[in-house]
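Enquirer:
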Amino acid sequence: MRSKKSILFLMNTMGRAGAERALIELMRVLDPEKYRISLYVLIPRGELFSEVPEYVRILNRRTDSRSVLSAGGKLFVAARLVKAALYSGSMVKAFKRISKNRKAAGEQRGALTLEKVLRRMLADGSAALPGGYDLAVAYLEGPATWYVAEKVDAVRKAAFLHIDYGKAGYLRALDDGCYNAFDRIYAVSEDVRRQFLKVYPEYEGKTELFFNIINREYIRARAEEPGGFTDGFTGMRLLTVGRLYYQKGYDIAVKTAAVLKERGYSFRWYVLGEGAERKKLQKQIKAYGLEDDFLLLGASDNPYPYFKQSDIYVCTSRYEGKSIAIEEAQALGKPVVATGCTGIEEQIRSGKDGVITGMEPVNLADEIENLMKDPDIRRRYGQAAYDRELSYKKDLEEFLSLTGSDRA
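All residue numbers for the sequence shown refer to the numbering used here, where the first residue is 14 and numbers rise by one.
#1: DSSP state of Lys-292, grouped into three classes?
#2: Any idea what DSSP makes of Asp-244, helix, strand or coil?
#3: Let me know the alpha helix (DSSP H) ranges lying completely inside the region 138-190, each 4 residues or longer, listed in chain order.
#4: What are the start and end residues of the beta strand (DSSP E) that includes Lys-18?
#5: Once DSSP output is grouped into helix, strand and coil, what is the label at Phe-223?
#6: Quick check: the Cα distance between Met-385 and Tyr-283, rounded to an integer number of angstroms?
#7: Flag this pair as touching only if the region 404-413 and the region 375-392 have three or more C-beta atom pairs under 8 Å; answer yes or no.
#8: Sorted by chain position, which residues of the same chain lie with C-beta nearer than 7 Å to Pro-57's C-beta, five sequence neighbours on each side aside?
#9: Just to confirm, is the Cβ distance from Leu-148 to Ala-171 under 8 Å?
#10: Going by DSSP, what residues sit across from Phe-307 in a beta bridge?
#11: Determine whether the beta carbon atoms of Ala-162 and Ala-186 lie at a separation below 8 Å.
#12: According to DSSP, what are the bridge partners of Leu-479?
#13: Quick one: what does DSSP say Ser-51 is sitting in, helix, strand or coil?
#14: Can you find the residues in the same chain that come closer than 6 Å, C-beta to C-beta, to Lys-261, ignoring five residues on each side of it along the sequence?
#15: Quick check: Gln-360 and Ser-336, are their CB atoms within less than 8 Å of each other?
#16: So Arg-79 and Gly-86 are supposed to be a Cβ contact under 8 Å. How far apart are they, rounded?
#17: Just how far apart, CA to CA, sit Tyr-48 and Ile-381?
#18: Go ahead and pull the three-state DSSP assignment for Ser-363.
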């Protein structure tokens, strides 16, 4: 009997976000009879620890399934960063690394922020894992990728890309040649691959596509569970799901809601998620007089009843990699209106199962209005979204070939 192949996954946190959900689904489709699967998280906190399959060995000594975005979560993250900064001169190492590579690559000083330096220190200031693996996988950009490149012993290494690399602020100066260590680099969309190769054209030959794995049956089953809206509203419901960060464009969404209200439409726009922009958004909502129309509901352990009970899903992101939330909405047969950011054209066939538009609030309002006025179009787009064919088998087989096996 052949021995099991060992696969290690590295993440930054296990908070409730798209890449973390995609990782959970990837681990769920791996056969524990064939693979010994391990997970190590640099900041071992986040709600999705509770969803890690039971056959996955979590290497962290302690984990915390509470949010990284709560007040306690922010203190947890800060404490971990301080610990990393004090570890074996990592602060000095990070600044030396950045200084050296800025000169070599001609990076502008303004491109480097304290937040980016802290991320680099998190990887530099974390102790190396003992033991070796057949395959080590950095499932997110930044600390997880730097850590796998520099501190993990593995026969093969793979890195995943979930975001527009340039717009997300990643720099060659921070990476310090880390992608040389990887046998394969997987992008979750062709757009993500294209943007990465603008920064690293030399890696075109080893950068492949690996689309996010979406378990539609699981999503549809969970949508039938108790939960969802409790406000008794009977009008048009719009939904957006994601962390309250600048990237997600919630300020654009609020302005779009103001345009729709000015045009006389009755609706409620709900947001599921938490993040650093909450207070700023609350002020903006109040300034536009949208307290009853644009509602920040916070995070939910089960967002799927909200998806099911909504009429239109709206994505206002400034940049993405490939939106998990859009694919979840499609799994539940919801028409989508989305801004034309990275990866979106690979998710929505505009005019068939949704609409892609510009980021101007008026453009978004126009497309939302068209769907609000026409239930037939909403039904047609929703059915087309529900019927979309998704396949990950080829991507998974190529990924698993890195272990010396080609089957899940």
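Quick reminder that beta carbons are idealized off the backbone N, C-alpha and C, glycines included.
Expert: Straight from the coordinates:
#1: helix
#2: coil
#3: 156-164, 185-188
#4: 18-24
#5: coil
#6: 15 Å
#7: no
#8: Asn-73, Arg-75, Thr-76, Asp-77
#9: yes
#10: Trp-282
#11: no
#12: Lying outside 14 to 421, the shown extent of the chain, residue 479 is not represented and no answer is given.
#13: strand
#14: Gly-255, Ser-330
#15: yes
#16: 6 Å
#17: 46 Å
#18: strand
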